[in-house]
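Quick mapping for you: the protein sequence lines, in order, are chains A and B.
Here my numbering = 1-based position in the first sequence + 238.
Here my numbering = 1-based position in the second sequence + 1074.
C-beta: ideal position from N, C-alpha, C; glycine also.
Presented below is the structure to which this report refers.
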Amino acid sequence: MATISIKNITKSYGKTEVIHGVSLDVADGEFIVIVGPSGCGKSTLLRMVAGLERITGGTIEIGGRVVNDLEPRERDIAMVFQNYALYPHMSVFDNMAYGLKIANKSKDEIRERVGKAARMLQLEPYLERKPRALSGGQRQRVAMGRALVRDPAVFLFDEPLSNLDAKLRVQMRLEIKEMQRSVETTALYVTHDQVEAMTLADRLVVMNGGVAEQIDTPMAVYDRPATRFVAGFIGSPAMNIMKGAASGREFTLEGGTTLPLGEAALSGEGRPVLFGVRPEHLRLVPDSEASIRLKVRAIETLGADTLAHGRFDGAGAEGGEFIARLPGKTKLAEGDLLPLAMDPGSIHLFDAESGKRI
Amino acid sequence: MEKRVTFDNRLLPYLLLAPQLLVTIVFFFWPAGQALYQSLLLPDPFGLGARFVWFSNFEYLFNDRYYLQAFVTTAVFTFFVTLVSMTVALFFAVLADQVIKGAGVYKTLLIWPYAVAPAVAGVMWLFMFQPSIGVLAFYMKALGVNWNPVLDSTQAMTLVIAAAAWKQISYNFLFFLAGLQAIPKSLIEAAAIDGAGRWHRFRTIIFPLLSPTTFFLLVVNIVYAFFETFGVIHTMTAGGPGRSTTILVYKVFSDGFVGQDLGSSAAQSVILMVVVGLLTIIQFRFIERRVHY
Chain A
239 MATISIKNIT KSYGKTEVIH GVSLDVADGE FIVIVGPSGC GKSTLLRMVA
289 GLERITGGTI EIGGRVVNDL EPRERDIAMV FQNYALYPHM SVFDNMAYGL
339 KIANKSKDEI RERVGKAARM LQLEPYLERK PRALSGGQRQ RVAMGRALVR
389 DPAVFLFDEP LSNLDAKLRV QMRLEIKEMQ RSVETTALYV THDQVEAMTL
439 ADRLVVMNGG VAEQIDTPMA VYDRPATRFV AGFIGSPAMN IMKGAASGRE
489 FTLEGGTTLP LGEAALSGEG RPVLFGVRPE HLRLVPDSEA SIRLKVRAIE
539 TLGADTLAHG RFDGAGAEGG EFIARLPGKT KLAEGDLLPL AMDPGSIHLF
589 DAESGKRI
Chain B
1075 MEKRVTFDNR LLPYLLLAPQ LLVTIVFFFW PAGQALYQSL LLPDPFGLGA
1125 RFVWFSNFEY LFNDRYYLQA FVTTAVFTFF VTLVSMTVAL FFAVLADQVI
1175 KGAGVYKTLL IWPYAVAPAV AGVMWLFMFQ PSIGVLAFYM KALGVNWNPV
1225 LDSTQAMTLV IAAAAWKQIS YNFLFFLAGL QAIPKSLIEA AAIDGAGRWH
1275 RFRTIIFPLL SPTTFFLLVV NIVYAFFETF GVIHTMTAGG PGRSTTILVY
1325 KVFSDGFVGQ DLGSSAAQSV ILMVVVGLLT IIQFRFIERR VHY
């Protein structure tokens, strides 16, 4: 168990800088999820913590010790890989015992620790099998077991659930969370799946283009996205974002429609901003109360919810794509004009140029 | 569903197979049959006639001290050629696997010796190590080594082993490199995180995962040392000094074409054929199953 302190980390391959100064402090026992689209540098960041990639600039501390120049084995970490990385020529037992054998633990201690992990992960019946005789979920459990038995200061997870099917992923997600809670080991978890990120994290790090755009609790990231990118990335379906200009209490869309800003009012005239509202914060209202009207083009019924895709009435020739998430029983038809109102306080404004939250 | 090709013409499938079958029959089955038949004959000294003697050629061979000695020589030769060429190739492959810049050039250069014919390789090595004209032999003598493979049988053996192994290194290197590159990097990384140092990783992860490649190469190299090193031996030592580098294949040649004992030579060929057969069976048994994982 340990804290992690990442200070202004950068990474370059030759002249190309891929990570531009990320800082992060992780408390002891905290579960941090690093989320972002592919190529954003999240895996590279994790691999630098693991010691598999050289650090170009900045420092990484694990448990108060700077580990920049330490080999992976000297960092007291354990890692779970996306493709499991199980040793194919060893039995499940030997896979889990590999690190302990290297650490020169006694035979009894190895048997006890592997046995304990196997019980916890329900792997006891499979200890003598080779990895190829296991299902995907079982292999993933072995990979977790291998990390668990070593009792490291930090767990690192590199997209561990990406190779599993949807149902198993949900189950394993819970198991990972429970395991981490019960052993209280600090964990860094990389994923591109925002549902995984939201459900697992104590705190989220949303990365884009080698920069940490926001570091906060999942709910704070959802409620107050720091940038336009975070607003579009977290939440499904994605937030509706429209270009326009804000003047006092009103927001004028490209195309001329005006919307009331309510509490989000800005000082100044005609400031170019991005206006965001989440699909789930729209309600169907009587026509007289509507602040926006949606011309329905396609309907997706999900059971609990119905998604109405379309463009808002009065939008210009381009853009104006809009999604509303309505209760599942709402009767809709393509071509309908839906009068919608926004929940108070659900409006997000971002600077048009910098994309920063206003 | 099984995929079957159907032909309208009944003759066509046979015609399509004919070239392959013809080559096999003319260049393998026919000579092999001839050898089998010859091994049962004892030709007269002038080659005008032959007497059918059943298995006496074989009987004679197994009582021949020189033939049994050739077996031992072959075993020693094969063991060291295989060991040296595989060890050196594995070492090079491990190094090449870590090269990032100029990897292509490095690999190409290492593969070149494979394109050299055995006889040419032999002559090349001879030029370097021949005691009176060899370049390297000159320096070895300058360093005080009593270098004379023309008279010293151990030195002669060392020399042919070196030349034969050198030629095979490229081939082994290629397969080892491919084998190494097929091992997922994340396995090595997982082992590094598990606390294994370089050597330990190689011993417990990389080498076991290479075992199918290693086994395949082991068989190929044994076959090579047994049967394809004639050119090297012939150009460098001609089996000498004093039969010390006469391996089985070389004895087939020298008994048959130098000693004019075609019956014995044919019997030796038959025995070698059986050896190839056994090696092939072993190879297929193990490789097909991919023993380890």
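Between B/A1216 and B/M1202, what straight-line distance do the alpha-carbon atoms span, to the nearest angstrom?
14 Å
Excluding the five sequence neighbours on either side, which residues of its own chain have a C-beta within less than 7 Å of the C-beta of A/T248, listed in chain order?
E255, I257, H258, G259, T294, G295 and G296
Does the beta carbon of A/Y336 come closer than 8 Å to any beta carbon on chain B?
yes
Taking the alpha-carbon positions, what's the A/S243 to B/F1289 distance?
48 Å
Are the beta-carbon atoms of B/F1250 and B/A1163 separated by less than 8 Å?
Against a cut-off of 8 Å, the Cβ pair of B/A1163 and B/F1250 comes out as a contact.
Boundaries (first-last residue) of the beta strand (DSSP E) holding A/I257:
T254 to V264
Would you call the CB atoms of A/N478 and A/P517 closer than 8 Å?
A/N478 is a Cβ neighbour of A/P517, given a cutoff of 8 Å.
Which residues of chain A have a Cβ atom closer than 7 Å to the Cβ of B/G1305, listed in chain order?
The contacting residues do not exist; B/G1305 stays about 39 Å from chain A at best.
List the residues of chain A whose Cβ lies closer than 9 Å to the Cβ of B/P1286, in chain order.
Per Cβ cutoff of 9 Å: no residues; B/P1286 is ~10 Å from chain A at best.
For B/Q1204, which three-state DSSP category applies?
Of the three classes helix, strand and coil, the one that applies to B/Q1204 here is coil, per DSSP.
Who are A/D396's beta bridge partners in DSSP?
A/V428
Hey, is the stretch 401-414 of chain A in contact with the stretch 334-353 of chain A, meaning 3+ C-beta pairs nearer than 8 Å?
no
When the Cα atoms are used, what is the spatial distance from B/V1127 to B/L1116?
6 Å
Under 8 Å between C-beta atoms, does A/M417 make it to chain B?
Taking 8 Å as the threshold, the shortest C-beta distance from A/M417 to chain B does not fall below it.
So if I threshold CB-CB distances at 9 Å, which residues from the stretch 1106-1117 of chain B count as touching chain A?
Cβ contacts with chain A come from no residue of the stretch 1106-1117 of chain B.
Between the C-alpha atoms of A/P524 and A/L532, what's the straight-line distance to the nearest angstrom?
13 Å
I need the boundaries of the alpha helix (DSSP H) containing A/T423, first residue and last residue.
From DSSP, A/T423 is part of no alpha helix (DSSP H); its letter is neither H nor E.
Given that a residue counts as buried once 16 or more other Cβ atoms are within 10 Å of its Cβ, and exposed if not, what is A/M445?
buried
From the DSSP output, in three-state form, read off A/M445 for me.
strand
Option nearest B/F1269 by Cα separation, candidates A/G301, A/A355, A/L290 and A/L284:
One point to set straight first is that residue 1269 of chain B is Gly, not Phe, in the sequence displayed. Considering only alpha carbons, the answer is A/L290.
Contact set for A/A536: own chain, Cβ-Cβ below 6 Å, skip 5 residues either direction:
Only H547 meet the Cβ criterion.
Do A/I560 and A/L512 have their C-beta atoms closer together than 8 Å?
Residue identity differs from the one stated: residue 560 of chain A is Phe in this sequence, not Ile. Their beta carbons are not under 8 Å apart, which means A/F560 does not touch A/L512 by this criterion.
Does any residue of chain A have a CB that is nearer than 8 Å to the CB of B/L1261?
Using a Cβ-Cβ cut-off of 8 Å, B/L1261 counts as an interface residue toward chain A, since at least one Cβ of chain A sits closer than that to its own.
Contacts around A/S400, its chain only, beta-carbon distance under 6 Å, and the 5 residues preceding and following it disregarded
Q320
I think A/I300 touches A/M286, with their Cβ atoms under 8 Å apart; what is that distance to the nearest whole Å?
Contact doesn't hold; Cβ gap of about 12 Å is too wide.
Is the distance from the Cβ of A/P310 to the Cβ of A/N333 below 8 Å?
no
Along the chain, where does the alpha helix (DSSP H) containing A/G374 start, and where does it finish?
Counted as a single uninterrupted DSSP element, the alpha helix (DSSP H) harbouring A/G374 occupies residues G374 to V387.
Straight-line gap, B/I1355 to B/P1093 (C-alpha atoms, nearest Å)
26 Å
Could you tell me the boundaries of the beta strand (DSSP E) in which B/Y1088 lies?
Here B/Y1088 belongs to no beta strand (DSSP E); instead the alpha helix (DSSP H) covers L1086 to T1098.
With 16 other Cβ atoms within 10 Å as the buried cut-off, status of B/Q1172:
The residue is exposed, with fewer than 16 neighbouring Cβ atoms inside 10 Å.
Cutoff 8 Å: A/N478 Cβ touching any chain B Cβ
no
Would you mind sorting B/N1295 into buried or exposed? The rule is 16 or more other CB atoms within 10 Å of its CB.
buried
Below 7 Å on C-beta distance, what does B/G1269 contact in chain A?
R311, G337, I340 and A341
Which term fits A/P363, buried or exposed, when burial requires 16 or more other beta carbons within 10 angstroms of its beta carbon?
Counting Cβ neighbours within 10 Å, A/P363 comes out exposed, since fewer than 16 surround it.
Nearest-angstrom Cα distance between A/G383 and A/A542?
37 Å
Are the beta-carbon atoms belonging to B/R1272 and B/A1265 less than 8 Å from one another?
No, they are not a contact pair.
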